[in-house]
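Participant: The structure is given below, and queries will be raised subsequently.
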Amino acid sequence: MSAVTGTGPHGRVVRADVDAAIAGGGAKAAPAAKAPAGAPAAAPAPVKAMSDDQVLKLFEEGSYELVPHDNMRKTIARRLVEAKTTIPHFYLTLDCELDALLSLRTQLNAAAPVKKTDKGEAPAYKLSVNDMVIKAMAMALKAVPDANASWTESAMVKHRHADVGVAVSIPGGLITPIIRKADEKTLSVISNEMKDLASRARSRKLKPEEYQGGTTAVSNLGMFGIKDFAAVINPPHATILAVGAGEERAVVKNGEIRIATVMSVTLSTDHRAVDGALGAELLVAFKKLIENPMGMLV
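Residue numbers (our numbering): 143 to 440.
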């Protein structure tokens with residue numbers, strides 16, 4: 143029996159030979175045309191997602207319920223696919239000690255003036271840790287202006303203001319209302335504005351200009367006890383900060399072990415606009431403000 147030769151290197155049989163043999167009933171495949179020397183390799187065929195029928199065939203009929211996607215869910219899915227397939231994500235994580243911030247927050251809330259409302263008297267503001275995270279992220283972007291940018295194919299968009307989007311969970315999805323010029327606003331203004339935006343987001347009463355645009359975003363899952371995670375960048379942003387829970391941990395200071403309240407944060411960056419060193423500089427500036435929160439008051 144004569145040896146079988148293919149069209150691959152040194153006569154090796156390749157996939158094209160097998161396909162041609164099947165199609166031609168066993169006839170020998172014609173030699174494949176060789177690409178010119180130095181020509182780039184052909185791009186692999188794109189991987190297609192499983193079709194609806196392929197997914198449903200994996201499950202017993204009657205064992206599931208189909209809930210059609212609404213327009214919000216479709217938009218979220220489209221933008222997530224766009225973000226993960228077109229933006230080269232790069233991740234940086236560090237820990238921030240919260241004890242000084244928590245102490246200052248308690249003092250500021252205790253000093254809040256009382257105002258009259260329809261339901262009686264209430265403090266003029268009540269700061270949350272997230273309000274202070276928003277302020278710190280905005281001020282960090284102003285301190286590291288090269289990171290306050292968006293990527294386009296023709297130019298880098300350098301923003302003059304730090305507009306911070308904040309991820310808010312709403313029925314059926316997620317929306318990111320924006321605190322405009324957060325670096326210029328006081329903590330009390332940020333706090334009250336965020337409460338108003340979140341309330342109207344959940345009732346779907348936000349105007350498009352209140353959730354479109356922005357220069358960065360914050361996603362906080364700490365209230366659910368999540369220690370750390372990496373968030374997906376929301377175009378056209380070049381960064382998003384994922385905030386974990388503050389928890390008591392053992393830390394080493396000057397060779398001694400002590401207990402501190404620590405929060406892990408992860409910065410996702412668009413590596414085209416914010417590289418590793420620049421992202422690290424931004425995250426260090428954020429950590430400095432969180433651990434020395436009086437800097438947010440001046």
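Glycine included, each C-beta is placed from N, C-alpha and C at the ideal position.
When the cut-off is 9 Å and only beta carbons count, does residue 378 lie next to chain B?
Facilitator: The structure shown contains no chain B, having only a single protein chain.
Participant: Is residue 270 helix, strand or coil when you go by DSSP?
Facilitator: Of the three classes helix, strand and coil, the one that applies to residue 270 here is coil, per DSSP.
Participant: Using the C-alpha atoms, what's the distance from residue 314 back to residue 214?
Facilitator: Roughly 7 Å separates the two Cα atoms.
Participant: Can you tell me where the beta strand (DSSP E) with residue 149 in it begins and where it stops?
Facilitator: Premise fails: residue 149 is in no beta strand (DSSP E) and is neither H nor E.
Participant: First and last residue of the alpha helix (DSSP H) that includes residue 428?
Facilitator: Residues 418-433.
Participant: Any idea what DSSP makes of residue 444, helix, strand or coil?
Facilitator: Past the edges of the chain, shown from 143 to 440, lies residue 444, and the structure says nothing about it.
Participant: From 316, 322, 312 and 431, pick the residue whose C-alpha is nearest to that of residue 376; which is it?
Facilitator: For the residues 316, 322, 312 and 431, the minimum Cα distance to residue 376 belongs to 316.
Participant: For residue 368, which residues from the same chain have a beta carbon less than 7 Å from its beta carbon, with the 5 sequence-adjacent residues on both sides left out?
Facilitator: Closer than 7 Å at the Cβ level, and outside the excluded window around residue 368, lie 386 and 387.
Participant: Can you tell me which of 302, 364 and 343 puts its alpha carbon nearest to the alpha carbon of residue 354?
Facilitator: Closest by alpha carbon: 343.
Participant: Grab me the residues of residue 422's own chain with a C-beta within less than 7 Å of its C-beta, minus the 5 sequence neighbours each way, in chain order.
Facilitator: Same-chain partners within the cutoff: 234.
Participant: I need the straight-line Cα distance from residue 437 to residue 210, nearest angstrom please.
Facilitator: Whole-angstrom Cα-Cα distance: 49 Å.
Participant: Identify, in the order they occur along the chain, each residue of the same chain with its Cβ nearer than 7 Å to the Cβ of residue 299, setting aside the five sequence neighbours on each side.
Facilitator: Excluding positions up to five away in sequence, the list reads 291 and 292.
Participant: Once the 5 residues before and after residue 392 are set aside, which same chain residues still bring their CB inside 7 Å of it?
Facilitator: Closer than 7 Å at Cβ, skipping near neighbours: 399 and 401.
Participant: Rounded to a whole number of angstroms, what is the C-alpha to C-alpha distance between residue 255 and residue 267?
Facilitator: Near 8 Å, if we compare the C-alpha coordinates of residue 267 and residue 255.
Participant: I want to know whether the region 358-367 touches the region 327-338 - three or more CB-CB distances under 8 Å.
Facilitator: No, the region 358-367 is not in contact with the region 327-338.
Participant: Helix, strand or coil for residue 251 per DSSP?
Facilitator: Helix at residue 251.
Participant: May I ask which residues mark the beginning and end of the alpha helix (DSSP H) holding residue 195?
Facilitator: 194-198 is the span of the alpha helix (DSSP H), which, as asked, contains residue 195.
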